[in-house]
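Enquirer: Line by line, the protein sequences are chains X and H.
Heads up: the first sequence begins at 1 in the working numbering, then just goes up one per residue.
Heads up: the second sequence begins at 1 in the working numbering, then just goes up one per residue.
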Amino acid sequence: MSTAQSAYNANDWQHYWENWLQTQQEFLRKQMQSPQSLQSHWDGFFREWKTNLGGTVPGAGAYQQMLSQASQQFLQMVQQFSQGASEHKSVQDIANEWVGNLQSFFTGLQQKNARPFDGLDSWRSFTESLMKSAPAWAGNMFPPGLAQPWGVPGWNAAWQTPGWNAAAWNPQGFGPGNWQQAQQFMNPENWQAPEWLQQQNWPQWDPGVQGFETFDPFGFCASLPGLGYTREKQEDLGQLYKHWVDFEAMARKYNASMAKVGAEAVQKFQSYLADPPEGAEPLNSLKQIYGKWVDICEDVYAGHALSDDYTAVYGEVVNALMTYKKKLHEIVDDMVEQMNLPTREEVDSLHKRVHELRRENLKMRKELAEIRGKLGIKKPAPAKAAAAKPAPAKKAKAAKKPAAKKSAKKGK
Amino acid sequence: MSAIKLQPEEILKEITNFNIKLSEGIKNLRNVGDLPSGVTEKETIYAEDKLSVYHYKNPTGETPENKTPLLIVYALVNRPYMTDLQENRSTVRGLMAQGQDVYLIDWGYPDRSDRFLNLDDYINGYIDRCVDAVCEHSGAKKVNILGICQGGAFSLCYTALHPDKVKNLITMVTPVDFQTKDNMLSHWIRHIDVDKLVDTLGNVPGDLMNWTFLNLKPYRLIAQKYIDMVDILDNPKQVCNFMTMEKWIFDSPDQAGEAYREFVKDFYQKNSFINGGLEIGGQGVSLANIKCPVMNVYALDDHLVPPSASRPLGKLVGTKDYQEVSFKGGHIGIYVSGSAQALVPPSIGKWLNAR
Chain X
1 MSTAQSAYNA
11 NDWQHYWENW
21 LQTQQEFLRK
31 QMQSPQSLQS
41 HWDGFFREWK
51 TNLGGTVPGA
61 GAYQQMLSQA
71 SQQFLQMVQQ
81 FSQGASEHKS
91 VQDIANEWVG
101 NLQSFFTGLQ
111 QKNARPFDGL
121 DSWRSFTESL
131 MKSAPAWAGN
141 MFPPGLAQPW
151 GVPGWNAAWQ
161 TPGWNAAAWN
171 PQGFGPGNWQ
181 QAQQFMNPEN
191 WQAPEWLQQQ
201 NWPQWDPGVQ
211 GFETFDPFGF
221 CASLPGLGYT
231 REKQEDLGQL
241 YKHWVDFEAM
251 ARKYNASMAK
261 VGAEAVQKFQ
271 SYLADPPEGA
281 EPLNSLKQIY
291 GKWVDICEDV
301 YAGHALSDDY
311 TAVYGEVVNA
321 LMTYKKKLHE
331 IVDDMVEQMN
341 LPTREEVDSL
351 HKRVHELRRE
361 NLKMRKELAE
371 IRGKLGIKKP
381 APAKAAAAKP
391 APAKKAKAAK
401 KPAAKKSAKK
411 GK
Chain H
1 MSAIKLQPEE
11 ILKEITNFNI
21 KLSEGIKNLR
31 NVGDLPSGVT
41 EKETIYAEDK
51 LSVYHYKNPT
61 GETPENKTPL
71 LIVYALVNRP
81 YMTDLQENRS
91 TVRGLMAQGQ
101 DVYLIDWGYP
111 DRSDRFLNLD
121 DYINGYIDRC
131 VDAVCEHSGA
141 KKVNILGICQ
151 GGAFSLCYTA
161 LHPDKVKNLI
171 TMVTPVDFQT
181 KDNMLSHWIR
191 HIDVDKLVDT
201 LGNVPGDLMN
211 WTFLNLKPYR
221 LIAQKYIDMV
231 DILDNPKQVC
241 NFMTMEKWIF
251 DSPDQAGEAY
261 REFVKDFYQK
271 NSFINGGLEI
281 GGQGVSLANI
291 KCPVMNVYAL
301 DDHLVPPSAS
311 RPLGKLVGTK
321 DYQEVSFKGG
331 HIGIYVSGSA
341 QALVPPSIGK
351 WLNAR
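#1: P253/H: buried (16+ other C-beta within 10 angstroms of its C-beta) or exposed?
#2: Note down the Cα distance separating R261/H from V194/H, rounded to an integer number of angstroms.
#3: Under 7 Å Cβ to Cβ from A160/H, same chain only, skipping five residues before and after it: list those, please.
#4: So what does DSSP say about I11/H, is it helix, strand or coil?
#5: Check whether chain H comes within 8 Å of D348/X, counting only Cβ atoms and requiring the distance to be less than that.
#6: Hey, could you find the ends of the alpha helix (DSSP H) M243/H is sitting in?
#7: Looking only at its chain, what residues have a beta carbon closer than 7 Å to the beta carbon of G99/H, apart from the 5 residues adjacent to it on each side?
#8: Assuming I334/H contacts M184/H (C-beta within less than 8 Å), just tell me the rounded distance between them.
#9: Please check if any C-beta of chain X sits within less than 8 Å of the C-beta of A3/H.
#10: For Q92/X, decide whether its Cβ has a neighbour in chain H, counting only Cβ atoms nearer than 8 Å.
#11: With distances taken from CA atoms, which of T174/H, M82/H, D128/H and A140/H is nearest C149/H?
#12: Quick check on N101/X: does DSSP put it in helix, strand or coil?
#13: Is DSSP giving A299/H helix, strand or coil here?
#14: Return the Cβ separation of L197/H and W107/H in integer angstroms, given the expectation that the two are a contact with Cβ distance under 8 Å.
#15: Chain H partners of Y254/X, CB-CB under 7 Å?
#16: Am I right that D231/H and K21/H are in contact with their C-beta atoms under 8 Å? What's the rounded C-beta distance?
#17: Would you mind working out which of N101/X, V78/X, Q73/X and Q83/X sits nearest Q270/X, comparing C-alpha positions?
#18: Where does the unbroken alpha helix (DSSP H) through I348/H begin, and where does it stop?
#19: In chain order, what residues of the same chain lie with their CB nearer than 6 Å to the CB of A265/X, ignoring the 5 residues before and after it?
#20: Given a cut-off of 8 Å on the beta-carbon distance, is the pair R79/H and G202/H in contact?
#21: Tell me, which residues are paired with V73/H by DSSP?
#22: Touching or not, the region 22 to 32 of chain H and the region 234 to 247 of chain H, by the rule of three or more beta carbon pairs under 8 Å?
#23: Considering only their Cβ atoms, is the gap separating H137/H from L216/H smaller than 8 Å?
#24: Using three-state DSSP, classify E455/X as helix, strand or coil.
#25: Check whether the region 76 to 83 of chain X touches the region 234 to 253 of chain X, taking contact to mean three or more Cβ pairs, one atom from each stretch, closer than 8 Å.
#26: List the residues of chain H whose Cβ lies closer than 7 Å to the Cβ of A95/X, in chain order.
#27: Taking only three categories from DSSP, how would you classify V152/X?
#28: Just grab the DSSP bridge partners of Y46/H for me.
#29: Taking C-beta pairs closer than 9 Å, name the residues in chain X that R115/H reaches, listed in chain order.
#30: Using a 10 Å radius around the Cβ and a threshold of 16 neighbouring Cβ atoms, would you call G55/X buried or exposed?
#31: For R93/H, count neighbouring C-beta atoms within 10 Å of its own C-beta (all shown protein chains included) and say buried if the count is 16 or more, exposed if not.
#32: I need the DSSP call for K21/H, collapsed to helix, strand or coil.
#33: What does H162/H reach in chain X if we use C-beta pairs closer than 8 Å?
#34: Can you give the Cα-Cα distance for E87/H and Y103/H, rounded to whole angstroms?
#35: Would you say E298/X faces chain H, with C-beta separation under 8 Å as the test?
#36: Does S2/H come out as helix, strand or coil in the three-state DSSP assignment?
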């Protein structure tokens, strides 16, 4: 028998069960009127929110998803207390169970991120998603009959070089148009290294072993020097891969540090429950329990987020992500150029020149106005930008975001 | 003593109420309708590229007592309609009620064509031309400037570089020392390769800025805030207020890449207001060059610009007419809390009218 139950006398028990039955009836009645579960209620609410704000707030869909995940902790707590109460457990026991679950979660997160980057798992998930979408994409982009099915000769050739394409190792060969074969190539379980490579300690696929350090065929390929006229493009792909692996490793380091915050917060929360500070008001609602948990998390996080360790890992993960994205942008620019389209680099260069010209123009206008003023030719007008225009006659309305931006964000 | 005092029936009641409020919230959300982006009537008196300068019309029809126009220079982060959010929560109206003739720079939404705008373009270019436009419109020779947050840092630079055009300067929740111990953003940015970031992203996306700000207090801002929100979901007016704020918080323009690069390097990484060496457009910027009267308004619980980041201004400006006003609240509370609205605009208005 739990401590809380033993503290009750006979009258309390009677009162307890009367209240319990009455509340249960009320609860069931409400549930009958609105049979949705709390989770579905919550999700429904944020769907409505998204609809309401979707036109004005960028990325509303992504944020809704994030909120749904972020609120899980509270909803799971509510679920646990609700179930525990119906099983006549004491609130202390329920709270301890909930905290135990939190502890398991953060410990699991720490363990998961303490392992090296699982490139194999990431590669598998990437290829699964690619295999679903790529055939349709390729079909739309390069319909049959085009002289160059991929239209991007350099990259096409680069993909077909050893290290990035099984064609060199597979007698049947595969081109980017043959997705079925590509899938076989990309599935690590189908990997068969050529005999000569196997003699060079080629890493063997072992489905029982997790961890990138045990199976890194792509790292091996990425380290191969490029050959032939697509040499630079091959090496670009190799670098892209390395930057991706670097970023994933940094992201794990960051996640592990955040899991540490969670684990420390759980410990502090446990201490609070076991021995609350002198004069602390008892927590008398689920919201207050959750609020106390959040307060402790924020305290622990604030200390961590100001530490040198966190600042360093934060810088590392952001820098690694930018390095990866920058390389990706360069590769995309190269492909875009092959398609005879203006690249980002070209457009940026134009923008830069326009700004330089505008600065020169403004400077000259200002100097001219000053000279006019000195000569008393005419009252110098305020120097305005070349693009400056008079105010519209009608009343201004609040500026709105460009439509293109809104629609682009909606598609996220 | 037990930390938790909770009966099973209370648990079920709380869950039931939570569910009911969620249902009510969905109904109320449907009725929110269009959310305002500023409530006071205004006229655009100048426009250039993406920016506009607004002149506000006093709803009472009264002529401004103060003949020197007051130009609000807002941050590039978020949108300036926060100063005019709702009828009863409008800094603009509060200032007009104190006899000020209020103008405001709306920076608009920079796109990739604005990527190469730098701090010189913003401060010696845009702000200077906006000041000229306001002077021309009002007939005044100088302006009073109210700089808010990053706009306050811009205003300090502008006043130091163009002292002949500014009569009085007010800075509100403005960072001056960017490397105080309690400044989380300052810690985070130290090891970031800003050149690589800007070279990669071009402009810095508003969503990225939002995500960074949310992570200053992630447990409270990403989860608890919305759990707490359920409490007010059955109140249509409070739902509308909440959603208005929510709209503003995430209405975040992208940041022009070069200006962001220079701002982060010069202010956050080099802390140039404190350490010296700041140059904008090839001209050295020293706060000691600010000789006009200065009022510095800061929030005691500001987690973005802690008081310790704002208060060093007093020792750096070259004027003896320096005054501080503090209020109990956070970075955003200055615009929305009733007590801040009752304190801040009247304090500014009276201070300006006396000069």
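Even for Gly, the Cβ is constructed at its ideal location relative to N, Cα and C.
Expert: Once the coordinates are examined:
#1: buried
#2: 6 Å
#3: V285, S286, L287, N289 and I290
#4: helix
#5: yes
#6: P236 to I249
#7: P64, E65, N66, G349 and N353
#8: The pair is not a contact, with the Cβ atoms about 19 Å apart (cut-off 8 Å).
#9: yes
#10: yes
#11: T174/H
#12: helix
#13: strand
#14: Incorrect: roughly 21 Å between the Cβ atoms, too far for contact.
#15: Neighbours of Y254/X on chain H: none; closest Cβ ~11 Å, over 7 Å.
#16: 7 Å
#17: N101/X
#18: G338 to N353
#19: I296, C297 and V300
#20: no
#21: I105/H and G147/H
#22: yes
#23: no
#24: Given a span of 1 to 412 for chain X in the structure shown, any question on residue 455/X remains unanswerable.
#25: no
#26: I4
#27: In this prediction, V152/X scores a pLDDT of 46, lower than 50, which makes its location untrustworthy; the coordinate-derived value is nonetheless stated afterwards. Note: V152/X maps to coil in three-state DSSP.
#28: V53/H
#29: D348, H351, K352 and H355
#30: Because G55/X sits at a pLDDT of 47, beneath the cut-off of 50, its placement in the model cannot be relied upon, and the following sentence gives the value as read from the coordinates. G55/X comes out exposed.
#31: buried
#32: helix
#33: The premise fails here: H162/H is roughly 13 Å from chain X at the closest Cβ pair, so nothing lies under 8 Å.
#34: 17 Å
#35: yes
#36: coil
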